[in-house]
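Participant:
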Amino acid sequence: MALKNKLRRRPKNPTGEMTLVEHLQELRQRLIFAVLFLLVGTIVGFIWYGWAPPGFITLGEIIRGPYCSLPPEYRADLTGDGECRLLATSPMEMFMLRLKVGALAGAVLSSPFWLYQIWAFITPGLLKNERRYTIVFVGLAVTLFVIGAVLAYFVLDFGLLFLTGIGQETQVAAWTGEKYYNLVLTLLVVFGVAFEVPLIIVSLNAIGLLEYAAIRGKRRIVWVLVFIFAALLSPGGDPYSMLALGVSVGLLVEMAFQFCRWNDKRHGMNAEEFADLSDDEASRLDYTPAAVDPAEPIAAPATAPAMTAPVAAPAPVKEPSPAPTQAARPSGTFDSAPSTSYFDDVL
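Its first residue numbered 91, the sequence shown is counted upward by one per residue in my numbering.
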């Protein structure tokens, strides 16, 4: 009975208010479900790596496709029958590589489920419009990441052909599965994450932290920085992946700038006529006098409050009595009373 009560669905809270203990319990529950979905996705990806239903290709063949698309004379024949295979130079390399690829594929396949767990945890504290913006942001982020990864997969063919064709007169490519798969997975992640940069710019402008006026005259600097980062982040080092990453991210950043421009104009933050002028173009001055607002009347000063009680008259000042004066003595006479002077002791 107690177990049945625990498994019973908790009643909905219309206000979304929770105590700290309830928040921690909710977080623990969401994390457990997210980990379970990731585990199930990893198992599916691990199986898909070497087996696929009829009519589908395995995950290993999909990742190995760009390498196997190279001309036969560009890669080593390790089986004797012309079948495309990669090397394994350690006992645990095959298992660890299959587990790594399966975990990454499982995270992508189960992303709708564990992302929903995160969404269900944070949505009670959001307003209605904030929930709508969050859904749009997450949807665009996933879409841009997938587009970047797909572009990287198709660009990889040209990059491998360029890298293996440089010295094919004296060498032949015999790559290990670990190094090749690390190259492919790193390229997919780099392209996918780089495609999120325009979304970050748009988000900063939407919340008011970045205005179009601050970035309007910095396009040349932005393009140079984009290609520098593309050259540094491209794992293969070939010019095709660098050009594809730089041009695509640069175009997306330019689209983000245009959105910032439109959004600022929509909010009235870029209404000046000279906002679109170049640095060496003079703006037109407007000498038309503006109307003056009518003068407002000045309010009369407030009168002093009337006195309710009469003010008492000041008291008369008493004149000081004259000091007693000693009567004048006639010359040659002395006082009958003995005098007390300072010289009595001497005399």
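C-beta: ideal position from N, C-alpha, C; glycine also.
These numbers were taken from a predicted model, which means no experiment stands behind them.
1) What are the boundary residues of the alpha helix (DSSP H) that C158 is part of?
2) What would DSSP say about T224, mapped onto helix, strand or coil?
3) Per DSSP, which residues does A263 bridge with? Please list them.
4) Should M186 be labelled buried (16 or more other beta-carbon atoms within 10 Å of its own) or exposed?
5) Mapping DSSP to helix, strand and coil, what is L216?
6) With 16 as the cutoff for other CB atoms within 10 Å, does W204 come out buried or exposed?
7) Give every residue of the same chain whose Cβ lies closer than 7 Å to the Cβ of Y330, excluding the five residues on either side of it in the sequence, and list them in chain order.
8) With C-beta atoms as the reference, is Q261 less than 8 Å away from E163?
9) Please go through the same chain and pick out, in chain order, the residues whose beta-carbon is closer than 8 Å to the beta-carbon of L300, but skip the five residues on each side of it.
10) Count the CB pairs spanning the stretch 279-286 and the stretch 318-330 that are closer than 8 Å, and state whether there are at least three.
11) What would DSSP say about L187, mapped onto helix, strand or coil?
12) For I152, I'd like the list of residues in its chain whose CB is within less than 8 Å of its CB, leaving aside the five on either flank, ordered along the chain.
13) Distance, Cα to Cα, G307 vs E344?
14) If you follow the alpha helix (DSSP H) that W138 is in, where does it begin and where does it stop?
15) In terms of residue numbering, what span does the alpha helix (DSSP H) encompassing E344 cover?
16) Using DSSP with H/G/I as helix, E/B as strand and the rest coil, what is L177?
17) Can you tell me the Cα-Cα spacing of T109 and F227, whole angstroms?
18) For E183, I'd like the list of residues in its chain whose CB is within less than 8 Å of its CB, leaving aside the five on either flank, ordered along the chain.
19) Determine the DSSP secondary structure at P288, reduced to helix, strand or coil.
20) Identify, in the order they occur along the chain, each residue of the same chain with its Cβ nearer than 7 Å to the Cβ of M332, setting aside the five sequence neighbours on each side.
21) Please look up how many angstroms separate the CB atoms of Y271 and V191, rounded, as I've assumed it's under 8 Å.
22) Below 8 Å, can you find three or more Cβ-Cβ pairs linking the stretch 122-141 to the stretch 194-213?
23) Buried or exposed: V240, going by 16 or more other Cβ atoms within 10 Å of its Cβ?
24) Using beta-carbon positions only, say whether A195 and G135 come within less than 8 Å of one another.
25) CA-CA distance, V280 and L234?
26) The alpha helix (DSSP H) spanning F146 covers which residue range?
27) In the DSSP assignment, the alpha helix (DSSP H) including L322 goes from what residue to what residue?
28) Label G150 either buried or exposed according to how many other C-beta atoms from any shown protein chain fall within 10 Å of its C-beta, with 16 as the threshold for buried.
29) Can you list, in chain order, the residues of its chain whose CB lies under 7 Å from that of L278, leaving out five sequence neighbours each side?
30) Quick check: the Cα distance between P144 and T213, rounded to an integer number of angstroms?
Facilitator: So, from the listed chains and residues:
1) L149 to C158
2) helix
3) R165
4) exposed
5) coil
6) buried
7) V245, F248, G249 and F252
8) no
9) I291, L294 and C350
10) yes
11) helix
12) none
13) 12 Å
14) L110 to G140
15) P329 to R356
16) strand
17) 29 Å
18) T266, G267 and E268
19) helix
20) A320, A321 and S324
21) 6 Å
22) yes
23) exposed
24) yes
25) 12 Å
26) That residue, F146, is in no alpha helix (DSSP H); it is neither H nor E in DSSP.
27) R309 to L323
28) buried
29) A239, A242 and Y243
30) 41 Å
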